[in-house]
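Position one of the sequence shown corresponds to residue 6 (the working numbering), numbered consecutively onward. Below: one structure, written as structure tokens.
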Amino acid sequence: MFPKNSYINRRKRLREEIGSGLILFPGNSESAFNYPDNTYTFRQDSAFSYFFGLDHPDFVGVMDIESGTDYIYGNNVDLDDIIWMGPQPSVAEQAASVGVENTAPLPELEGFLKSAIAKGRKVHYLPPYRGETMIQLEQWLGIHHKLLKQSVSLELINAVVKLRSVKDDMEIADIEKMVDVAYLMHTTAMKMAYPGIKEQEISGTIEGISLAYGGPVSFPIILSVNGQTLHNHKHNNYIKTGQLLVVDAGAESELHYASDITRTCPVGGKFNQRQKEVYEIVLAANMSTLETTKPGRPYRDSHFVACETIAQGLKDIGLMKGDVKEAVANGAHAMFMPHGLGHMLGMDVHDMEGIGQIYVGYDNEFRPSEQFGTAFLRIGRRVQPGFVLTNEPGIYFIPELIDLWRSEGKFKDFINYEKLETYKDFGGIRIEDDILVTETGCRVLGKPIPKTVAEVEAIMAR
Ligand code: GLY
Ligand code: MN
Numbered sequence: 006m007f008p009k010n011s012y013i014n015r016r017k018r019l020r021e022e023i024g025s026g027l028i029l030f031p032g033n034s035e036s037a038f039n040y041p042d043n044t045y046t047f048r049q050d051s052a053f054s055y056f057f058g059l060d061h062p063d064f065v066g067v068m069d070i071e072s073g074t075d076y077i078y079g080n081n082v083d084l085d086d087i088i089w090m091g092p093q094p095s096v097a098e099q100a101a102s103v104g105v106e107n108t109a110p111l112p113e114l115e116g117f118l119k120s121a122i123a124k125g126r127k128v129h130y131l132p133p134y135r136g137e138t139m140i141q142l143e144q145w146l147g148i149h150h151k152l153l154k155q156s157v158s159l160e161l162i163n164a165v166v167k168l169r170s171v172k173d174d175m176e177i178a179d180i181e182k183m184v185d186v187a188y189l190m191h192t193t194a195m196k197m198a199y200p201g202i203k204e205q206e207i208s209g210t211i212e213g214i215s216l217a218y219g220g221p222v223s224f225p226i227i228l229s230v231n232g233q234t235l236h237n238h239k240h241n242n243y244i245k246t247g248q249l250l251v252v253d254a255g256a257e258s259e260l261h262y263a264s265d266i267t268r269t270c271p272v273g274g275k276f277n278q279r280q281k282e283v284y285e286i287v288l289a290a291n292m293s294t295l296e297t298t299k300p301g302r303p304y305r306d307s308h309f310v311a312c313e314t315i316a317q318g319l320k321d322i323g324l325m326k327g328d329v330k331e332a333v334a335n336g337a338h339a340m341f342m343p344h345g346l347g348h349m350l351g352m353d354v355h356d357m358e359g360i361g362q363i364y365v366g367y368d369n370e371f372r373p374s375e376q377f378g379t380a381f382l383r384i385g386r387r388v389q390p391g392f393v394l395t396n397e398p399g400i401y402f403i404p405e406l407i408d409l410w411r412s413e414g415k416f417k418d419f420i421n422y423e424k425l426e427t428y429k430d431f432g433g434i435r436i437e438d439d440i441l442v443t444e445t446g447c448r449v450l451g452k453p454i455p456k457t458v459a460e461v462e463a464i465m466a467r
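Below is the structure:
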């Protein structure tokens, strides 16, 4: 855990943002895998973890704004638990470690909340995303589970997003450590990417590296020679020379901070000419973000500069045509890059996405786009020092999309369908780093992971 004072300060700052009432942070419960006692690895809720730090199931954090009192509701273990799990610190001892002096058994929470509601006090809570939490909230607050989302506290959402968006030095150091674990994962994948190996052997090995040096992977590994499928979790291909292997993988720390890195390498260790040409375009787009991203500048600008870099590069090799800015403004580049440039990164890989992307990535000044491609940009608003973001441009050749748009004659003034037809077997390329917005610009976090054609080929040759 972070030092006790971090949690005390975070709660103090949250208190300053919320006018009145009670704030309720339900921690997560164990979640059954295939029968009740066989559970998934326990993962604490990120908001609970941010303000209360404790990695324990069935704890609930409560903050009383008017009185300034914080509580942990939870049950002490009994002898049965001790026999199976060994001795455990009491709820009070655990709460004290994060600066909370008041604890009570979980069954008392319902009465506490109901009496507050009866007195007309507001109970602030964030949008729930697990069924178990919805059932609890329905019971504690008397709000039907289908109506819970309508009654969430916008005030709390905005306050939590405000605090969690800006990472402090300890959080940044933790993310950076996980990028260093990702360095090991990705360089290992590159060294293993030789013809005849099954994708599963590589993904299993790098998942093991995450577990050995960090914690669980921060999201299910994406690893495929069919990199044109953006989130390809199938790992059943035997890989062949001439294919490109896209690996999108990161690790989660004990404190739950994530890394999220993508590299693309040529099976067998050498890019062919066609692959090199497209790779250089994606790399140029990735590098453009480092120039564009600065405090006060919207991330949507970085997204569009990267998209224009891609459109220009594709025009240079004859796959796009016409005016580059006009092509991007109309969304023609989305044939090749149908996703956004990146997202916030923190305790969640898509940081705070459970709270609502609209509040995390957008505001009154910057509203989400409805245009295919840019609609998937998860953050468009102005960035600030302390924001950690992913920078993940890509170029993909999706046969189904090529066929559809070609049959519709869509963007035929910007896309050279004749030539594109010959790229349907190409796959995809994505290059993703995690960047920190600094006072003057931004920097890539962690130990540099081989990225240029020469660097990737050199590590694969080892
Ligand atoms: N790394 C997965 C994603 O960004 O969606
Ligand atoms: Mn990502």
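We put the CB at the ideal spot given by N, CA and C, even for glycine. In this text, all values refer to a predicted model and were calculated from it rather than measured experimentally.
Please determine, among the options, the residue with the shortest C-alpha to C-alpha distance to residue i.
i, options, result
"asparagine 335", "Gly273, Phe416 and His344", "Phe416"
"glutamine 99", "Asp60, Arg135 and Asp83", "Asp60"
"leucine 295", "Phe38, Asp86, Lys456 and Asn396", "Asn396"
"lysine 326", "Ser374, Lys299, Thr445 and Asp418", "Asp418"
"valine 96", "Ile87, Pro225 and Asn107", "Asn107"
"threonine 314", "Gly125, Leu161, Gly399 and Gln93", "Gly399"
"glycine 104", "Glu285, Glu370 and Asn10", "Asn10"
"glutamine 389", "Phe57, Pro31 and Val171", "Val171"
"tyrosine 188", "Pro303, Thr246, Asp253 and Val230", "Asp253"
"aspartate 75", "Ile88, Thr269 and Phe56", "Phe56"
"lysine 245", "Gly136, Lys239 and Asn231", "Asn231"
"asparagine 81", "Ser72, Pro92 and Tyr284", "Pro92"
"phenylalanine 371", "Pro303, Pro404 and Leu425", "Pro303"
"glycine 233", "Ile434, Pro225, Val458 and Gly446", "Here the sequence assigns glutamine to residue 233, which means glycine is not the residue at that position. Selected option, being the one with the closest Cα: Ile434."
"tyrosine 262", "Val354, Ile162 and Asn369", "Val354"
"valine 449", "Arg15, Ile177 and Ile77", "Ile177"
"phenylalanine 309", "Lys320, Lys330 and Gly58", "Lys330"
"glycine 366", "Asp408, Val222 and Arg305", "Arg305"
"glycine 274", "Phe341, Gly79 and Ala459", "Ala459"
"serine 307", "Gly323, Leu319, Gln155 and Ala289", "Ala289"
"methionine 190", "Phe30, Leu409, Leu114 and Ser215", "Ser215"
"leucine 476", "Arg135, Ile363 and Phe53", "Nothing about residue 476 can be read from this structure; the chain reaches only from 6 to 467."
Could you check how far apart the C-beta atoms of residue i and residue j are, in whole angstroms? I think they sit under 8 Å.
i, j, result
"isoleucine 70", "isoleucine 28", "7 Å"
"alanine 256", "glutamate 22", "That pair is no contact at about 31 Å."
"serine 293", "alanine 311", "5 Å"
"aspartate 185", "glycine 451", "5 Å"
"glycine 32", "phenylalanine 7", "No, glycine 32 and phenylalanine 7 are not in contact; Cβ-Cβ is about 17 Å, not under 8 Å."
"tryptophan 145", "leucine 118", "5 Å"
"threonine 267", "glutamate 437", "3 Å"
"isoleucine 5", "lysine 196", "Because the chain here runs from 6 to 467, residue 5 falls outside it and cannot be looked at."
"arginine 387", "glycine 301", "6 Å"
"glutamine 205", "asparagine 241", "6 Å"
Residue i to residue j, Cα distance in whole Å?
i, j, result
"isoleucine 227", "glycine 378", "20 Å"
"leucine 159", "proline 133", "13 Å"
"arginine 467", "lysine 182", "24 Å"
"valine 67", "isoleucine 180", "28 Å"
"valine 128", "glycine 24", "12 Å"
"phenylalanine 38", "phenylalanine 47", "11 Å"
"isoleucine 148", "isoleucine 360", "19 Å"
"methionine 175", "aspartate 265", "18 Å"
"alanine 339", "methionine 139", "37 Å"
"isoleucine 101", "proline 94", "Looking at the sequence shown, residue 101 is not isoleucine but alanine. One C-alpha to the other measures close to 11 Å."
"glutamate 444", "threonine 298", "11 Å"
"isoleucine 440", "serine 229", "24 Å"
"proline 453", "phenylalanine 402", "28 Å"
"tryptophan 89", "methionine 349", "39 Å"
"glutamate 358", "proline 110", "30 Å"
"lysine 239", "isoleucine 207", "12 Å"
"aspartate 83", "isoleucine 77", "18 Å"
"asparagine 291", "asparagine 369", "28 Å"
"lysine 203", "valine 461", "20 Å"
"glutamine 376", "glycine 213", "39 Å"
"glutamate 143", "histidine 150", "5 Å"
"leucine 324", "glycine 219", "42 Å"
"proline 41", "serine 34", "12 Å"
"glycine 201", "asparagine 277", "18 Å"
"leucine 319", "phenylalanine 224", "31 Å"
"glutamate 405", "valine 251", "19 Å"
"arginine 15", "glycine 58", "11 Å"
"glutamate 285", "arginine 135", "42 Å"
Flag residue i as yes if its beta-carbon sits less than 8 Å from any beta-carbon of chain B, otherwise no.
i, result
"lysine 415", "Note that chain B does not occur in the displayed structure, where there is just one protein chain."
Check whether the region 383-395 touches the region 341-349, counting contact only when three or more Cβ pairs, one atom from each stretch, lie closer than 8 Å. Yes, the region 383-395 is in contact with the region 341-349.
With a floor of 3 residues, list each beta strand (DSSP E) that falls wholly inside the region 418-443, ordered by position along the chain. You should have 433-435 and 438-442.
For the region 261-349, which segments carrying the alpha helix (DSSP H) assignment without a break, of at least 4 residues, lie completely within its bounds, in sequence order? Secondary structure in the region 261-349: the alpha helix (DSSP H) runs of 4 residues or longer, each lying completely within the stretch, are 278-297, 304-321 and 329-335 in chain order.
Can you list, in chain order, the stretches of the alpha helix (DSSP H) that have 4 or more residues and sit fully within the region 155-218? Segments of the alpha helix (DSSP H) lying fully in the region 155-218: 159-170, 174-197 and 204-218.
Contiguous alpha helix (DSSP H) assignments of at least 4 residues, all confined to the region 72-147: Within the region 72-147, the complete alpha helix (DSSP H) runs of at least 4 residues are 84-90, 96-101, 114-123 and 136-146.
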